[in-house]
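Notes follow once the structure below has been shown.
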Amino acid sequence: MLIVYILCVFVPIVLTNLIFYSVTTENVKNQRMKDVSRAVEQIKNEFRAKIDDAVAVSSVFFTDYNLNQILETNYENPADYVEAYDSYFRRILNNYTPVYTSVQNIKIYVNNPTMLHSGGIGNLTEEVKRTNWYQALHQSKSSQLIFVRTSKEDSSMSKGVLDSFSVVQRMNYYNSQNRYEKVLKIEMKTSSIQQIFQNLNLQGNIYLLNNQGKVLYTTDPGVDWKMESPDFQSLEFPADSIQVETKYQYVSFLEGWRIVGTISEEEVLRELHKSRDFIFVLASINIILPTLIILWITRSLNVRLVRILRHMKKVKNQNFDTIKKGELDEDEIGQLTGEFNRMTLQVKSLIDDVYVADIQKKTLELERRQAQLNALQSQINPHFLFNALETIRMRSVVKNETETAKIIHNMAKIFRTSLTWSKDRVTVSEEMEFIVCFLEIQKYRFEDRLNYHLNIDPSARTCVIPKMMFLPFVENASIHGIEPLKSGGRIDVRIEREADELVFAIRDNGIGMDEEKVNRFYGYLESEEEIGERIGVQNVIYRLKLIYGNRFQLLIESAPMEGTFIKLRIPVDGS
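For the sequence shown, the numbering used here gives the first residue as 5, with consecutive numbering after it.
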């Protein structure tokens, strides 16, 4: 269900929303870029219109014959000039300056010494000729006007602040009458230019570049355009900055000039970001609603399948509870539940009818065999044997044969223990008593040919183990390892506790065993045969497998004439 949901619901919804968002973003970006381009184009046209106003005034002044005559006349006294000025020049200044709001100031510079340099007439001095606008005019064609950045007329031209723009033209239309040099300078209002470039449709910076790529005007507060003309390419812009530019063409005095608008991509996509939350909410609804439905259906299936699995585990533990009928549904899971109930009832019936009957039959057979064993044991009458051994021991004590009496006592103790199987678990201390009894008997038999050493960890003495679990290893070391040696040998026994394990180790310096016999002992670990009449170490291994399963470890190291080392690890069952 989750795979179907992911492939058929989640992935398509996510991809659809991503594609929708991507397409919407691209469309909004394209539309916004068109708006930005239109805004830059509008600035370009409005700026050109303001310049055209100044150019129109310049053309009128340039072709005015009467004005040219006034500027070329040599006046004998100032009164004559004032009369000529008032009669014509003052009137035309008053006519054009108020009409064109973009024109800040109109001034004609002339080197006619008979004129008064005031009221729109300026003296064309050497200082004026050193200004940037005059130098630019001097480098251009004589009959063409220029558009150049200048200082305001009221700024004394000495501070180096180029904070205005002017249209400059030589008044040489009437070449035959040019006795004096005349230059017309029409200064534009800076406020009107600022108003044009402060376009509300463009939330970025505007740059006015000349044909050399120099910044002559900008709305960027980080660029000091009044004091210098930095190269546009040298400016640093943010990584996500987008540039839109437009060029002036077919205009001689603006040829190669450009207007560049820069705007951040974040600003372009601002409108999209406003609707991003709506898209996110819509996508969340499209994802969450199907997810809840799928989870509800999946949970319904999972709960019922887990319930069936839980009851199957109960059947494994022979608890044949059926699922209540009130919890069944009509779908496939409900049908599976019904079949499970029928199967459980059938299994329970078979166990009751066949398995239990078979167990009862085997139980009766075991009881019959146990009765036969008890009958055989009763024939032996162990009490008679114990009494006989006790009589011999007491007779030896009376005759001061203490060593013989001690051996008989040890043998009686071993004999009594071997016949008393009602107590099949003993402590390590009790097991060591049996081992000491056996070794004393062997010591009595072999005298100085047998030596032994016992090292028992005090913490291991109270551990409980199966009865006669260690004794067969000691017996095997004595009879099969030491006895064949003419010079005798030594047996070392060590028992210690390591965490939750009991470690029994025995080492002898007897004749040892070859590899085949060692492998035979390891083979007993894998054999599944019943014990039958086998005794000794093979009997111990069989009992270890019955009691501990695979939780014990047996290590055997031996070689001919090099002795034998055996280590046995068993879990600690109690203390």
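Glycine included, each C-beta is placed from N, C-alpha and C at the ideal position.
All figures in this text were calculated on a predicted structure; none of them were measured in a lab.
Review point. Beta strand (DSSP E) containing Tyr-221: first to last residue?
Key: 219-222
- Buried or exposed: where does Asp-244 fall if 16 or more other Cβ atoms within 10 Å of its Cβ makes it buried? exposed
Between the Cα of Leu-212 and the Cα atoms of Phe-236, Val-507, Met-192, which residue gives the shortest distance?
Phe-236
Practice prompt. State yes or no: is the C-beta of Leu-206 within less than 9 Å of the C-beta of Ile-47?
Written response: yes
- Message: Looking at Leu-120: is its Cβ nearer than 9 Å to the Cβ of Val-165?
- Response: no
Inset, instruction - Could you tell me how far apart the beta carbons of Ile-483 and Ile-495 are, in whole angstroms, since I believe they sit closer than 8 Å? - result: 11 Å between Cβ atoms; not a contact.
query: Below 9 Å between beta carbons: does that hold for Ile-55 and Ile-110?
result: no
- Item | Runs of alpha helix (DSSP H) wholly within the stretch 41-128 (minimum 4 residues, chain order) | 69-76, 82-88, 94-100
For the stretch 455-463 and the stretch 487-501, state whether three or more C-beta atom pairs, one from each stretch, are separated by less than 8 Å. yes
Checklist entry - According to DSSP, is Glu-444 helix, strand or coil? => result helix
Q. Does any residue of chain D bring its CB to less than 9 Å from the CB of Pro-575?
A. Of the protein chains in this structure there is only one, and it is not chain D.
Next on the checklist: Could you compute how far the alpha carbon of Arg-94 sits from the alpha carbon of Gly-123?
Outcome noted: 8 Å
Q.
Please return the same chain residues whose Cβ sits closer than 8 Å to the Cβ of Tyr-184, not counting the five positions on each side in sequence.
A. Leu-75, Glu-76, Val-114, Asn-115, Asn-116
| query | How would you call Phe-282, buried or exposed, if buried means at least 16 neighbouring beta carbons within 10 angstroms? | reply | exposed
Discussion item. Helix, strand or coil for Glu-500? Go by DSSP, reduced to three states.
Written reply: strand
Grab me the residues of Arg-465's own chain with a C-beta within less than 7 Å of its C-beta, minus the 5 sequence neighbours each way, in chain order. Thr-431, Val-432, Ser-433
- Where do the N-terminal and C-terminal ends of the alpha helix (DSSP H) with Arg-547 fall, by residue? 541-552
Let's see if you can read the secondary structure: which residues bound the beta strand (DSSP E) around Gln-322?
That residue, Gln-322, is in no beta strand (DSSP E); it is neither H nor E in DSSP.
Exercise for review: Tell me, please, whether the stretch 64-83 touches the stretch 283-292 by the rule of three or more beta-carbon pairs shorter than 8 Å.
Suggested key: no
message: By the three-class DSSP mapping on this structure, what secondary structure does Ser-268 have?
response: strand
Check your understanding: Which one of Ile-96, Gln-108, Glu-479 has the shortest CA to CA distance from Phe-438?
Key -> Glu-479
- Pick helix, strand or coil for Pro-294, following the three-state DSSP scheme. helix
According to DSSP, simplified to helix, strand and coil, what is His-457? strand
Looking at the unbroken beta strand (DSSP E) that takes in Pro-470, where does it start and where does it end?
468-470
Q. What's the call for Tyr-254, buried or exposed, on a 16-neighbour Cβ count within 10 Å?
A. exposed
- [ ] Figure out for me which residue from Asn-513, Thr-135, Val-13 has the closest Cα to the Cα of Leu-293.
- [x] Val-13
Checklist entry - Nearest CA to the CA of Gly-217: which residue from Phe-201, Lys-230, Ser-238, Gln-198? => result Ser-238
Self-check item: the stretch 32-50 in contact with the stretch 259-267 per 3-pair CB rule at 8 Å
Solution: yes
### Task
Can you say whether Ala-83 is buried or exposed, counting buried as having 16 or more other CB atoms within 10 angstroms of its CB?
exposed
* To do: Taking only the alpha-carbon atoms, compute the straight-line gap between Tyr-69 and Asn-99 and give it to the nearest angstrom.
  => 17 Å
Under a Cβ-count criterion, where at least 16 other Cβ atoms within 10 Å of its own Cβ denotes burial, should Val-171 be classed as buried or exposed?
buried
Please return the same chain residues whose Cβ sits closer than 8 Å to the Cβ of Phe-585, not counting the five positions on each side in sequence. As shown, the chain starts at 5 and ends at 579. That puts residue 585 outside it, with no answer to give.
Item to complete: Please state whether DSSP places Ile-515 in a helix, a strand or coil.
Response: coil
Distance CB(Phe-257)-CB(Phe-151) smaller than 9 Å: yes
Point to revise | Leu-443 to His-315 span [Cα, whole Å] | key: 57 Å
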